[in-house]
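Worksheet for the structure shown next.
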Amino acid sequence: MQLFKKETTINFIGSRKIALVFSLLLLLAGVYSLSTQGLNYGIDFTGGTKIELAYDKDVDLTVIRQSLESKGYGDAVVQLFGSTKDVLIRIPLSSENSSADVSTEIVSLLNAGLDEKADVRSVEFVGPQFGQELFEKGILALVYALIGVMIYVAFRFEWKFSLGSVAALIHDVLITVGLFSLISLEFTLPVLAALLAVIGYSLNDTIVVFDRIRENFRKLRDVDTEETMNVSINQTLPRTILTSLTTLLVLFALYFYGGEALNGFAATLIIGVLIGTYSSIFIASPTVLALGAKAEDLIVEEIEKEGAEFDGDQLP
């Protein structure tokens, strides 16, 4: 049984002004939050110590937090990592906790305060300079990805489509980062990696729509550009919805059952998939339309070669 038996005829392009207002509100809220309270950076960027501990029995995180607070580690982040027996502790960098030796102190403190000894799985210390370097390289990776997308789409389609795709990607990244600031989610290295994945996912959706627009530009010669884009978006809508839903099912499973350590990564992708699906419909194509794209931009005229109509009977 087919899920979509009848092709939809939704006027997506006609609703572009409403979508523009909605996007502007989200962007303004995100930019305001970023300028006032900024991002809640994790120790990947600010520096600090990350310790992974394993116990033979279930652990009460409240007891661990109280033990750490009693020794001046009240700003430590304690969470389960994968199961109720695995614990992840993050100690932000400060003037008192500025060396890798803090991990030894933490493990000794917990082993003295708890009946059961902890098995240290891994210890990572990130210095402030290394954290800053990671952040700068991460931002450069985002910028290079956007430049690469612009060049790729310009070669495959046309420069107006290139700008439309990049506008949609910038829109997705800014809104996702803005929402992280608004709800104070921790911004870590996995979150930054998820942002790069969001760029790839959103671009894939946009390219599918652009491919159909190019195809319909060649078929629907007597239809104006706005209507051609509407037809194209409606034709690709079932594929877009099914792809997004199946992807979200996996991401929600990862968010709820992947443990607290993966929550930020999964949350970024969930937000990115939703915003990316929205932007491929309401941002990318309307931007191309606003730039004045038309069928002639993508239709290559056939040039009649000299002598193509030559008839052998015309020989003297």
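Residue numbering for the sequence shown follows this note's numbering, starting at 223 and increasing by one per position.
The beta-carbon is built from N, C-alpha and C at its ideal position, and this holds for glycine as well.
Quick one: what does DSSP say residue i is sitting in, helix, strand or coil?
i      : result
Glu338 : coil
Asp427 : helix
Gln224 : Low local confidence applies: a pLDDT of 45 at Gln224 is under 50, so the model's placement there is unreliable, with the coordinate-based value given in what follows. Looking at Gln224 - three-state DSSP - the assignment turns out to be coil, as it is neither helix nor strand.
Glu358 : helix
Glu346 : strand
Gly514 : coil
Phe234 : coil
Glu327 : helix
Ile373 : helix
Ile240 : helix
Leu315 : coil
Ile505 : coil
Glu229 : coil
Leu537 : Confidence in Leu537 is poor, its pLDDT being 46 and thus under 50, which makes the residue's placement too unreliable to answer from.
Just mark residue i as buried or exposed, buried being the case when its beta carbon has 16 or more other beta carbons within 10 Å.
i      : result
Tyr254 : exposed
Tyr423 : buried
Ala298 : buried
Ser325 : buried
Val413 : buried
Val388 : buried
Arg443 : exposed
Asp190 : The first residue shown for the chain is 223 and the last is 538, placing residue 190 beyond what the model contains.
Phe244 : exposed
Thr284 : exposed
Ile493 : buried
Asp278 : exposed
Leu250 : exposed
Tyr479 : exposed
Tyr173 : Past the boundaries of the shown model lies residue 173; the chain is included only from 223 to 538, so the question cannot be answered.
Phe402 : buried
Met503 : Looking at the sequence itself, residue 503 is Ile, so the reference to Met does not match. It is buried - the Cβ of Ile503 has at least 16 other Cβ atoms within 10 Å.
Gly370 : exposed
Ser292 : exposed
Leu164 : Here the chain comprises residues numbered 223 to 538, so residue 164 is not present and cannot be evaluated.
Thr490 : buried
Ala416 : buried
Leu246 : exposed
Phe267 : buried
Lys441 : exposed
Asn426 : exposed
Looking only at DSSP bridge pairs, what is residue i linked to?
i      : result
Leu310 : Glu274, Gln301
Original post:
Which runs of the beta strand (DSSP E) spanning at least 3 residues fall entirely within the stretch 258-301, listed in chain order?
Top reply: 270-276
**OP:** Could you pull out every unbroken alpha helix (DSSP H) segment of at least 4 residues lying fully inside the stretch 434-500, listed in chain order?
**Re:** 447-479
Subject >> Entirely enclosed beta strand (DSSP E) segments - the stretch 378-430, minimum 3 residues >> reply: none
**OP:** Examine the Cβ distances between the stretch 493-503 and the stretch 462-472 and report whether three or more of them are shorter than 8 Å.
**Re:** Touching, yes.
Original post:
How do the stretch 371-381 and the stretch 297-315 stand: do at least 3 beta-carbon pairs fall below 8 Å, yes or no?
Top reply: no
**OP:** Evaluate contact between the stretch 427-437 and the stretch 469-478, counting only Cβ atoms and requiring at least three cross-stretch pairs below 8 Å.
**Re:** no
Original post:
Per the contact definition of three or more C-beta pairs closer than 8 Å, is the stretch 449-458 in contact with the stretch 258-277?
Top reply: no
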